[in-house]
Each structure stands twice: as C-alpha cells, then as structure tokens.
Amino acid sequence: PRCRIEIGKLFNIARKDRLVLQARLYGSEPPALDSVWGAIRKKDIEVSVSARSSWNDREKEIDTKLTADAVDDIITYKKYASHSDSAVVIFSGDKDMSSTIRKAKQYKWNIEIWSFKKAICNEFVQDKQIQTFFIDNDDYFENVSFIVVEHRGRIPRDRSFVIRYSGLDTTKPKSIQTFTNSIVRWSSEIFRLPVMVRFNESIIILVVVCAQKRNECVIYDFTKDVWSNCDRLQEKIRQGFPSVTEIEFLTYVQYIQANVDLGCEVDDQNFPNDDECPVGHPDYPVDESFTTVLRKTRRSNQKFSTSCAFGFKCANGTKCARVHSHEEKEYFKTESSPARRYNYKTKLCYHNN
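The UniProt record's numbering puts the first residue of the sequence shown at 1, with every later residue one more than the last.
Here's what the structure looks like:
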C-alpha cells in the first residue's frame, strides 16, 4: 500500500482560517502529472513545475526557484508582517530553506515550518523563533493522509495470488473498502512486503508490488516468503470477518487455468489498465503505476506537461518530450528535416498582392 498526503487538507490545517496572501507548490517532471497539478491549482495554489535532471534525480532548480519566490513574497507583503497571526509557512525542513528564513526574520515575520520529524534540519527545531509542526504526529497525520491499496496496472502472474470467498455484502462500498484495506494491511504485515489489491466481484487479487530481483540480487522468494504464509492470512480473514466463508487461495496462474478449463475468457496477465481513469480523490485524480525499476545512468522517454518553446521549429520533432499542438505534430510528420523546420514561416514574402 502507498501512504499519501492530502495536500488540500494539510494546506487548510496549516492556514488556520487565516487569509492566504500567496500559496505556491513546487514539483518536478517527469513523470508528467498534469491532472495532479490541475487538481492542486483548483485550491488557489500556484504550481511551479521544473524539469528533473535526465542524468540523475536532482531537483536543485526547485530549491533555487522556491527561495527566490519566497524572498520576493516576503518583501512584497511586508506590510502584513506586523500582524500577530501573520506568518511565512514553509512545508519543508530542508536546510536549503535557511536563506528564506533569514530574510523572513529580517522583515519580522513569524515563521512556521511543517515537516516530517526525520526530514527537518535540527537547526530549525532548536531555533526559538521558528514554530515547528510535525506532519507525522498523530494529531495531524490521520487527518492529512490516506492509503492507496488498489493496484491499477498489469497483474504480474509470477508474484500475485487470488483469494476466492463468499459471504461479503458487495452492495455496500464501505464493507468492500474495509475488507480490502484489512487484507492489504494484514498481508503486508505477514509477508513483510508491499502489497496491493485488485477487487473483482467475488475474488481479490493480491499483488506483491516489488520485483523479486533487483540489480541481479534476489529480494525475496515468492513461494517461501509469500505463498507459504497464506494460511496465516486466511486465519486473519476468518477472525476479522466471520461472515466471509469458503475462502480459497490460488496462485494467479492456477486462477487463469481454472477459468480456461471452464471455458471462460480470462486475460492471461492483464486486467484493464485504469491509469487514465479517476480514482476518486481530489488531490490525486489519476493513479500512476507503482513499479520497482532499476536506476539508469540516463532516463529515457521523459515527458513533460509544459509546451515546447520552439513550436513548429522544434529540432526534435515527433521525438520532443515537451507538449506540441495537433497542428505542430502533423507538420512534423510531413517535414522530417530539422533544418527545414527551423525556417518555418520565417522567410519574407516578396510577392505583390
């Protein structure tokens, strides 16, 4: 399961019903999360997206832009600094925020920092001029977090299994949610591995979301670490949901074969990919796939949500990682030469009307 922070709720808790003079959120691409940025913008939060380095995962541009914008806002709204409830609120405990904090102190602003306990600079915690709030405190965490348990991508048959059952009232969404959440929690505790679920009528498909190998190193053995412990999970289900009966465990391959033998059409390895469909949460309307991947020296096929500044003249054409209009894409198909594209609509016309 994945634990996520509801940005809207965290924002509202931190503002404490105060007037918001300026709110900014900084993110990086790839991946391009247009729908996520759009949902956040609807909360009157200005979103600034920067490109992550293609050679490593560093996002230094974000820190630089955040500091520059924060200093600008501190000076722009300095007349409000004298109000007792006015504050510069920073959702980061990184030491890179030091210059912003020094500028806020210079203009007599109150300073509030929201961060996780293990992610905040000790210097900020000890500074008596800074009020710190820990997101992972029980008082806040339960209110601003939610758990994503549904697996929405391909079903890997080598690390998935199926639970058949009966007796659960599937007409009540809350019952289904409680049931699936409990199974994911119990299985993650028993297997000591991240697990997600796909609910499909009278069956549940459990997926171990991390690969069994990484960099040629074996992380876990599915048969030994997962399948052999299913009896413990079955006992948990019986104790937690007495109404659920006829519980049966099958490997995903067994499930596929059983349905084939019955003459049912079953996709060998794939349920419909719902990655483009809403998941019903305002902060995260699209669920991006959860995949354990190997780090590469250079990350290929990067995509961004910002438009290409070169338009029709773009040298990369159809391979450009930025956004192009439909007309530009059609032009790239007919004009494959970067040199000729560079001169697009730049030649003077000497013809008389």
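No residue lacks a Cβ here, since even glycine has one placed at the ideal position from N, Cα and C.
Since we're looking at a predicted model, the values are computed, not measured.
Minimum Cβ-Cβ distance from residue i to chain D less than 8 angstroms
| i | result |
| --- | --- |
| Cys3 | This model lacks chain D altogether, as it is built from one protein chain only. |
Nearest-angstrom beta carbon gap, residue j and residue i [assumed within contact, 8 angstroms]
| i | j | result |
| --- | --- | --- |
| Asn181 | Val149 | 6 angstroms |
| Cys3 | Ser145 | 6 angstroms |
| Ile183 | Ile237 | 7 angstroms |
| Thr170 | Glu201 | 7 angstroms |
| Ile40 | Ile7 | 6 angstroms |
| Phe304 | Ala81 | That pair is no contact at about 37 angstroms. |
| Phe191 | Asp225 | 6 angstroms |
With 16 other Cβ atoms within 10 Å as the buried cut-off, status of residue i
| i | result |
| --- | --- |
| Leu19 | exposed |
| Tyr165 | buried |
| Glu328 | buried |
| His324 | buried |
| Ser115 | buried |
| Gly93 | buried |
| Ile147 | exposed |
| Thr100 | buried |
| His151 | buried |
| Ala119 | exposed |
Rounded straight-line distance, which links the Cα of residue j to that of residue i
| i | j | result |
| --- | --- | --- |
| Lys9 | Ala258 | 46 angstroms |
| Leu168 | Ser175 | 8 angstroms |
| Gly153 | Arg198 | 9 angstroms |
| Pro242 | Gln129 | 55 angstroms |
| Thr132 | Glu112 | 6 angstroms |
| Pro278 | Asp44 | At Pro278, the pLDDT of 33 sits below 50, so the modelled position is not reliable; the number obtained from the coordinates is stated separately. Those two C-alpha atoms are separated by around 21 angstroms. |
| Asp221 | Asp17 | 51 angstroms |
| Glu216 | Trp186 | 29 angstroms |
| Lys103 | Lys42 | 29 angstroms |
| Arg159 | Arg341 | 48 angstroms |
| Arg214 | Gln106 | 50 angstroms |
| Ala339 | Ala321 | 19 angstroms |
| Pro13 | Asp231 | Here residue 13 is Ile; the residue named in the question, Pro, does not match the sequence. Each residue's Cα considered, the two are about 43 angstroms apart. |
| Gln254 | Glu248 | 12 angstroms |
| Lys172 | Phe179 | 11 angstroms |
| His83 | Phe11 | 20 angstroms |
Identity of the residue in the options nearest residue i by Cα
| i | options | result |
| --- | --- | --- |
| Phe310 | Ser228, Thr334 and Tyr344 | Tyr344 |
| Asp85 | Leu21, Ser48 and Gln126 | Leu21 |
| Ala315 | Ser337, Lys333, His326 and Asp73 | Ser337 |
| Lys65 | Val323, Met97 and Glu330 | Met97 |
| Thr307 | Val49, Lys108 and Tyr77 | According to the sequence as given, residue 307 is Ser; it is not Thr. Answer by Cα proximity: Val49. |
| Lys108 | Asp225, Cys230 and Val71 | Val71 |
| Tyr252 | Ile155, Tyr26 and Lys95 | Ile155 |
| Ile62 | His326, Ser28 and Ile7 | Ser28 |
| Ile90 | Glu6, Tyr26 and Gln254 | Tyr26 |
| Ile163 | Phe304, Leu233 and Lys313 | Leu233 |
| Val209 | Thr178, Arg341, Phe161 and His326 | Phe161 |
| Ile74 | Arg24, Glu246 and Cys121 | Arg24 |
| Val207 | Arg157, Glu46, Phe249 and Glu235 | Arg157 |
| Lys117 | Thr67, Asp138 and Phe134 | Phe134 |
Those residues which DSSP pairs with residue i across a bridge
| i | result |
| --- | --- |
| Thr245 | Ser166 |
| Ala87 | Asn110 |
| Val209 | Val209 pairs with nothing; no bridge assigned. |
| Leu66 | Its beta-bridge partners do not exist; DSSP assigns none. |
| Ser48 | Tyr26 |
| Phe133 | Trp114 |
| Met196 | Val207 |
| Ile147 | Cys3 |
| Leu250 | Val162 |
Near the ligand HEM: residue i beta-carbon under 7 angstroms from a heavy atom
| i | result |
| --- | --- |
| Val149 | What this structure holds is no ligand at all, so the ligand HEM is not there to describe. |
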